[in-house]
Amino acid sequence: MPKIPTTRDSGAKRWCFTLLNYTATDETKIQNLGRPSICSYLVYGRENTKTNTPHLQGFISLTTKQRFTALKKLLGDTAHIEKARGTDQQNLTYCSKEDPSPFVYGKPKTGTIERRGGHRGEVAYELACIIGRTEKNDPPTEKELEITKEKGIALIFHGKRIDTLADKLRFEQLKKECLEEYTKVNWKPFQTRNHSHMPNKTRQTNNSI
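So the sequence shown is residues 1 to 209, counted in this note's numbering.
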């Protein structure tokens with residue numbers, strides 16, 4: 001699911017994660033997080049990248065706020081972690097888009113969203129997703145067209161905010177593609193946290209950066 005840039009010291013309850021080249025042990029470790037003392041909701045789906053790299057795409061809603069470093073200990077050092085955008089249901093849809101039988105613990109909370117803005121923030125997010133898809137020559141679905149017709153008025157009153165969100169979503173997709181391309185690179189923690197350290201696709205890499 002599209003994501004909010006992560007800062008080193010900020011905490012949050014709702015996070016999304018990507019784990020490349022996962023093992024059965026990794027899955028067991030993540031599934032063991034599904035208990036009331038740790039989280040209220042957890043979902044992940046199994047996916048393959050364009051280069052056939054297996055990975056887990058997940059979302060977790062913690063019981064209490066945790067910082068980036070604490071979540072790394074829970075999910076593992078190789079997991080790519082970001083603060084989550086969107087509602088629990090939207091994250092469920094995103095994480096299960098390629099997996100008909102995703103792992104799910106708990107129930108998604110209706111309308112829950114991390115950032116400010118409430119319902120207006122959710123509408124802006126939905127429209128930004130549609131804008132990002134159509135600009136990549138990926139035609140919107142019938143459901144997305146219905147959303148646009150129903151909520152398109154928000155473009156008039158919140159156009160700048162929606163454009164900003166669309167830009168962030170496009171950047172996140174590019175970053176994800178870069179991370180998938182460099183699956184054999186040993187990323188340092190600050191490089192997975194900070195967008196400014198994203199490698200250029202044309203740059204030559206060694207086994208570590």
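The beta-carbon is built from N, C-alpha and C at its ideal position, and this holds for glycine as well.
Beta-carbon contacts of residue i that lie in its chain and below 6 Å, excluding the five residues immediately before and after
| i | result |
| --- | --- |
| L92 | V43 and P108 |
| P54 | N48 |
First through last residue of the alpha helix (DSSP H) which encompasses residue i
| i | result |
| --- | --- |
| T246 | Absent from the model: residue 246. The displayed extent of the chain is 1 to 209, so no value can be given. |
| T87 | Unbroken run through T87: none, as it is neither H nor E. |
| T110 | Careful: T110 lies outside any alpha helix (DSSP H) and carries neither H nor E. |
| D26 | A24 to Q31 |
Residue i, DSSP secondary structure in three states
| i | result |
| --- | --- |
| T51 | coil |
| E98 | coil |
| I38 | coil |
Beta strand (DSSP E) segment containing residue i, residue limits
| i | result |
| --- | --- |
| K13 | G11 to L20 |
| G106 | F103 to G106 |
Burial state of residue i, where buried means 16 or more other Cβ atoms lie within 10 Å
| i | result |
| --- | --- |
| R85 | buried |
| R35 | exposed |
| Q57 | buried |
| Y105 | buried |
Spatial neighbours of residue i in its chain, beta-carbon cut-off 7 Å, leaving aside the 5 residues before and after
| i | result |
| --- | --- |
| N137 | Interpretation of N137 is limited by its pLDDT of 49, a score under 50 that renders its predicted location unreliable; the figure taken from the coordinates is listed afterwards. None. |
Rounded straight-line distance, which links the Cα of residue j to that of residue i
| i | j | result |
| --- | --- | --- |
| T25 | K65 | 26 Å |
| A12 | K83 | 7 Å |
| Q90 | E27 | 22 Å |
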